[in-house]
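Engineer: This note's numbering runs 10 ahead of the 1-based position in the sequence shown.
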Amino acid sequence: MDAQPSSRYAWYVVSLLTLANISSFIDRQILSLLVKPIKYDLHLSDTQMSLLMGLSFALFYTVFGMVIGRLADRYSRRNIVIGGINVWSLMTVLCGGVRTYPQFFLVRMGVGVGEATLSPSAFSMIADLFPKKRLATALSIFSMGIFLGSGLATLIGSGIVAKLPTAGLVTLPVFGTVFPWQLLFLYVGIPGLVIGLLLFTIREPRRTNLLQVDGATVLPSFAESLRLVFRYRTAYLLICFTTACQALINYGCSAWVPTFVARTYGWEVPRAGAFFGLVTIVASLLGVVFGGWYADKLTREGLTDGRLRVGVLSACLALCGFFIPLLPKAEWALLAMAIPIFGLACPFGAAAAAIQELMPNQARGLASAIYLFILNLIGIGLGPTLVALFTDFVFRDESMIRYSLVLLYGLGGGMGLVLGLLALKPYRQAIDSERRASQPAILS
Numbered sequence: 011m012d013a014q015p016s017s018r019y020a021w022y023v024v025s026l027l028t029l030a031n032i033s034s035f036i037d038r039q040i041l042s043l044l045v046k047p048i049k050y051d052l053h054l055s056d057t058q059m060s061l062l063m064g065l066s067f068a069l070f071y072t073v074f075g076m077v078i079g080r081l082a083d084r085y086s087r088r089n090i091v092i093g094g095i096n097v098w099s100l101m102t103v104l105c106g107g108v109r110t111y112p113q114f115f116l117v118r119m120g121v122g123v124g125e126a127t128l129s130p131s132a133f134s135m136i137a138d139l140f141p142k143k144r145l146a147t148a149l150s151i152f153s154m155g156i157f158l159g160s161g162l163a164t165l166i167g168s169g170i171v172a173k174l175p176t177a178g179l180v181t182l183p184v185f186g187t188v189f190p191w192q193l194l195f196l197y198v199g200i201p202g203l204v205i206g207l208l209l210f211t212i213r214e215p216r217r218t219n220l221l222q223v224d225g226a227t228v229l230p231s232f233a234e235s236l237r238l239v240f241r242y243r244t245a246y247l248l249i250c251f252t253t254a255c256q257a258l259i260n261y262g263c264s265a266w267v268p269t270f271v272a273r274t275y276g277w278e279v280p281r282a283g284a285f286f287g288l289v290t291i292v293a294s295l296l297g298v299v300f301g302g303w304y305a306d307k308l309t310r311e312g313l314t315d316g317r318l319r320v321g322v323l324s325a326c327l328a329l330c331g332f333f334i335p336l337l338p339k340a341e342w343a344l345l346a347m348a349i350p351i352f353g354l355a356c357p358f359g360a361a362a363a364a365i366q367e368l369m370p371n372q373a374r375g376l377a378s379a380i381y382l383f384i385l386n387l388i389g390i391g392l393g394p395t396l397v398a399l400f401t402d403f404v405f406r407d408e409s410m411i412r413y414s415l416v417l418l419y420g421l422g423g424g425m426g427l428v429l430g431l432l433a434l435k436p437y438r439q440a441i442d443s444e445r446r447a448s449q450p451a452i453l454s
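1) Going by DSSP, what residue range makes up the alpha helix (DSSP H) through Leu-116?
2) Within the present structure, is the beta-carbon of His-53 separated from the nearest heavy atom of the ligand ZN by less than 6 Å?
3) Would Met-425 count as contacting chain B if we go by Cβ distances under 7 Å?
4) For Trp-266, does the count of other Cβ atoms within 10 angstroms reach 16, so buried, or fall short, so exposed?
5) Roughly how many whole angstroms lie between the Cα atoms of Thr-181 and Lys-46?
6) If you follow the beta strand (DSSP E) that Val-188 is part of, which residue opens it and which one closes it?
7) Measuring straight from C-alpha to C-alpha, what distance separates Ala-451 and Gly-321?
8) So Gly-252 is in the beta strand (DSSP E); what residue range does that whole segment cover?
9) DSSP state of Leu-182, grouped into three classes?
10) So what does DSSP say about Arg-281, is it helix, strand or coil?
11) Go ahead and label Trp-98 buried or exposed: buried means 16 or more other beta carbons lie within 10 angstroms of its beta carbon, across all protein chains shown.
12) With C-beta atoms as the reference, is Tyr-437 less than 7 Å away from Asp-315?
13) Taking 6 Å as the limit between beta carbons, can you name the residues of its chain near Gly-159, skipping five residues before and five after?
14) Excluding five sequence neighbours on each side, which residues of the same chain lie with their C-beta closer than 6 Å to the C-beta of Cys-105?
15) Report all residues from its chain with a CB closer than 7 Å to the CB of Phe-403; omit the five preceding and five following residues, and keep chain order.
16) Return the CA-CA distance between Arg-123 and Tyr-71, expressed in angstroms with no decimal places.
17) Would you report the Cα separation of Ser-168 and Gly-276, rounded to the nearest angstrom?
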């Protein structure tokens, strides 16, 4: 049996995977800074724009992620991630050459296909590199990429947008004549290719916690893997939907807050994006580190449901966001958003660790993919679009976007709190059952 990887090497792997996660979220969120020029140049509505930010990406990200999850349970997870980061980075670069809305929609689908490779593979790799008592912390560091990527997309992207030409066209090699805002996709897509090269320096981890029958390791069929994933279906699905409610707020706010500040308070989008990006980076870093540390602390103290209690705390803090869009000054609103941002960053590593603990190795990729399918279909697919639908069809006024965000905080936070509380008991029962059983009986 191979020796367990050194702590230093394990953290090196997590660092590179976190860089990849940061790159993926920068590519995913950069559109939020370009709402106004894209709408103007391509003649789009808020709803059409929200589909570019949400559904076009989420459709293939979620569906293709199921396939990737299955592959990650059988083949080299490292190689899957390397292939994926090259695909999503190239697709992001191609956004710099699109001419029409359908072309844009299709290329964003390609970004989703590439990014679908990362999290199912990374969750499984990290679970093989760390003991359970430190797993939530390690997965929280990886999940930090969600918030760092979103924050850097607005912070750095705002600076780039401010320096781009505001009118006219730009001529580039290969792409020809493009709009100035398309340059941003080139700037954020190319670094991902460099990270892809760095990933060649890591090894595929040795798999642990393998499913065995009569002392022999087995590879379950797809149907058997599904039975493994859903043998504790109540606990598993409640974790998925609790985190999805939190993702609904995350993605909806990330997509629309810069535009909300511009429309409501009269700020320029680059200024709003830079301020919001800085708040996001600081608050989310504190939240994700605290969430992982606190989840592992509760687990070490013997609280079986400690990781899920972090999710309940998160929902309570998210509900604090209900009043924020109604504040009279932009500075107050943006600074106050640190509270829900901190809270919403807390549970992602803890929730992923909770799911990994329920699963044998050969089902972790599929379990993670289904979890991400639910999380992202609701978060990415519905979050940005829900805000736009409220604005376009409920309030029927672009200037009323603040009330759309109020509804988003209330719905997401309220549902997340209820589902999080409901998840505690079945999760305790599932973990107790798993600890009593030597192997899950699915292959009889």
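All C-beta atoms, glycine included, are put in the ideal place defined by N, C-alpha and C.
Structural biologist: In short:
1) Here the alpha helix (DSSP H) through Leu-116 covers 111-125.
2) By its list of ligands, the structure shown contains no ligand whatsoever, and the ligand ZN lies outside what it can speak to.
3) Structure shown: chain B not included; a single protein chain is present.
4) Buried.
5) Looking at the backbone, the Cα of Thr-181 and that of Lys-46 are separated by about 21 Å.
6) 186-188 is the extent of the beta strand (DSSP E) around Val-188.
7) Low confidence applies to Ala-451: its pLDDT is 47, below 50, so where it sits in the model is not reliable enough to give any reading.
8) The sequence shown places Thr at residue 252, rather than the Gly named in the question. From DSSP, Thr-252 is part of no beta strand (DSSP E) but of the alpha helix (DSSP H) over 243-275.
9) strand
10) helix
11) Answer is buried; the Cβ neighbour count reaches 16.
12) yes
13) Closer than 6 Å at Cβ, skipping near neighbours: Ile-32, Phe-35, Ile-36.
14) Val-117, Phe-195
15) none
16) Position check: residue 123 holds Val in this sequence, whereas Arg was assumed. So the alpha carbons of these two residues sit roughly 5 Å apart.
17) 16 Å
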